[in-house]
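Taking it in order: structure first as structure tokens, then the write-up.
Chains as they are written, first to last, in our numbering: chain A, 1 to 414; chain B, 1001 to 1157.
In structure tokens form, the structure reads like this:
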């Protein structure tokens, strides 16, 4: 079995599972956020008739999509979330950051099986955990029972070799893959990343890769934990053998890419797989830049952007919004002086959360405007007006572009 | 059934944009169904009409509000060349029938379509073409026939 199959088999209490098989599994954590918690609670109480969550220590709720409340309706929904959380004793995080970043910092461990009411839950594969997004009825069932059903996915092995050139990042790699594999190319499947590139990537960069697997339709992502991960979790009791593929592990197919010649990439409106080399888009005018999200709002992302923006001012016709992915990231960025650099450059700093990526608060776009963003989706209207446009790129590309008010190659600033 | 035709990669932000998710009731939310793609959809759609998409219908966010607003407007069946995973699962859980039809791109806005469940056939009455319907796997059929996951799990236990 491959790693994904091994984790599912363990949680299904079975010796072996095969792709296509439907199994019932025990869940280690179940997470939801303010975009859907009220619907989950309604289904949990009124449709299933559950009275208590199965284990309050394993149910994690976060208010982070629309924070702080920007309307009475939002505030009413946050109130319901607090009341339910306090009554049930579930783990509530109200200001700690984007759900996936907080899960990554405080909960997820290699080998776990986690489901959450958010599509980017596939991110935790970066730590060697099986994780996938589901809707509210599924999550309400897990909240009440601690179990769910899973169809064991086929796995595509993506073998990444070579070294990235300066100014080219994990974000460029995953954008390139979205373009090649396409928006539905991995539907129902797991993607396991392997190859010589991976060991040279930080955990944060691996997170960026796994995070966007859902943009190819993927169910889950996986990276075999290596020494980097083992050092972080050495004090924990983790079955590392489980987290290596068996010698006879099967994959649906193997895709090989050498990243040595990769250039900066940009996903163009309105589809994540509409990916082009940045040089084809040079001088495209922009109105706003966004640096943040579960894809690229971590400390290394902010460092890259700050290096470019140090002693510079953003273009007078452009706004820049910076939203650290979590309070932990925010505090470190403050200590390192990164936030000062952004403020001096003319940026707006938002409290950690989904912010502009979610499109319902903080930096919503007007019709005819163009956003360049480090986030993961550029669907029509995703950041506000359906008549606005979104380009997705690395933090370096976004930082360099807001200085000039148009899409530029970040390598000029390195 | 009259066809409402949409293209490839209809994502859940198109089905229900994020700014409407805080509305207190599904009925209010449903007034904005598919607004970015077809602003008049919620007003003009009549319960029971057939939703047709291309590839990757329902991709993007996991929000179950997307199939829920469709159900609220009376959508019972969605046909597409392919469906995104979480949307597929959400529809099954809500008891909305999904039909994967490789030739869904041949159905056009306003066509009249009949689904013959007994003979597993889809008949386009406008073009007179017939298509084979691939049956849903037994596991999913059991959930849909129970009316969704809630009743399926209640009956099972």
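Here a beta-carbon is modelled for each residue, glycine too, at the ideal position from N, C-alpha and C.
Judged by their CB atoms, residue 300(A) and residue 204(A) are nearer to each other than the 7 Å cut-off. Near chain A, meaning a CB-to-CB distance below 8 Å, the residues of the region 1047-1073 of chain B are 1055, 1056, 1059, 1060, 1061, 1062, 1063, 1064, 1065, 1067 and 1068. Put simply, the CB of residue 267(A) is far from chain B, with every gap to its CB atoms at 7 Å or more.
For residue 1018(B), the nearest beta carbon of chain A is closer than 7 Å to its own beta carbon.
About 13 Å separates the beta carbon of residue 1028(B) from that of residue 1017(B), a gap too long to meet the 8 Å contact definition. Against chain A, a Cβ distance below 9 Å from residue 1110(B) picks out nothing, because the smallest value is about 23 Å. In the assembly as shown, residue 260(A) is an exposed residue. Its beta-carbon has fewer than 16 other beta-carbons within 10 Å. Comparing alpha carbon positions, the residue from 1043(B), 1019(B), 1033(B) and 1050(B) closest to residue 1110(B) is 1050(B). Under the three-state reduction of DSSP, residue 1063(B) is assigned to coil, being neither helix nor strand.
Contact check for residue 140(A) and residue 43(A): beta-carbon distance about 4 Å, within the 8 Å limit, so the pair qualifies. Look at the beta carbons and you see the region 264-271 of chain A touching the region 165-172 of chain A: at least three pairs across the two are nearer than 8 Å. Within the model, the alpha-carbon separation for residue 1121(B) versus residue 410(A) is close to 55 Å. Around the CB of residue 1021(B), 16 or more other CB atoms lie within 10 Å, so the residue is classed as buried. Burial check for residue 211(A): the Cβ neighbour count within 10 Å reaches 16 or more, so the residue is buried.
Within the same chain, and ignoring the five residues on either side of residue 389(A) in sequence, the residues whose Cβ sits closer than 6 Å to its Cβ are 269 and 370. Between residue 294(A) and residue 66(A), the C-beta spacing is not below 7 Å.
Counting C-beta pairs with one atom in each stretch, the region 1059-1069 of chain B and the region 124-141 of chain A have three or more that are closer than 8 Å, which means they touch. In the DSSP assignment, residue 1043(B) falls within the unbroken alpha helix (DSSP H) covering 1041-1044.
Listed along chain B are 1150, each with a C-beta nearer than 7 Å to that of residue 48(A). In the DSSP assignment, residue 1152(B) falls within the alpha helix (DSSP H) that extends over 1149-1156. Proximity of residue 380(A) to chain B, defined by a Cβ-Cβ separation below 7 Å, is satisfied. The continuous alpha helix (DSSP H) containing residue 303(A) extends over residues 299-309. Under DSSP, residue 131(A) shares a beta bridge with 114(A). For the region 393-412 of chain A, the beta-carbon criterion of a distance under 8 Å to any beta-carbon of chain B is satisfied by none of its residues. The beta-carbon of residue 1027(B) is placed no less than 7 Å from the nearest beta-carbon of chain A. Here residue 381(A) has no same chain residue with a Cβ atom under 6 Å from its own Cβ, once five neighbours each way along the sequence are excluded.
At the C-beta level, residue 17(A) and residue 152(A) come within 7 Å of one another. Here residue 322(A) is not near residue 402(A), since their CB atoms are 7 Å or more apart.
Note that the region 121-129 of chain A touches the region 91-109 of chain A; at least 3 beta-carbon pairs, one per stretch, sit closer than 8 Å.
The criterion of a C-beta distance shorter than 7 Å is not satisfied by residue 1047(B) and residue 1081(B). A straight-line Cα-Cα distance of about 10 Å links residue 1133(B) and residue 1079(B). Residue 327(A) is not a Cβ neighbour of residue 70(A), given a cutoff of 7 Å. DSSP places residue 391(A) in no alpha helix (DSSP H) but in the uninterrupted beta strand (DSSP E) bounded by 389-392. Counting only runs of at least 3 residues, the region 150-201 of chain A fully encloses the following beta strand (DSSP E) elements, listed from N- to C-terminal order: 155-161 and 190-194. In chain order, 1018, 1021 and 1022 make up the part of chain B whose C-beta sits under 9 Å from the C-beta of residue 66(A). Per the C-alpha coordinates, the member of 232(A), 226(A) and 372(A) positioned closest to residue 241(A) is 226(A).
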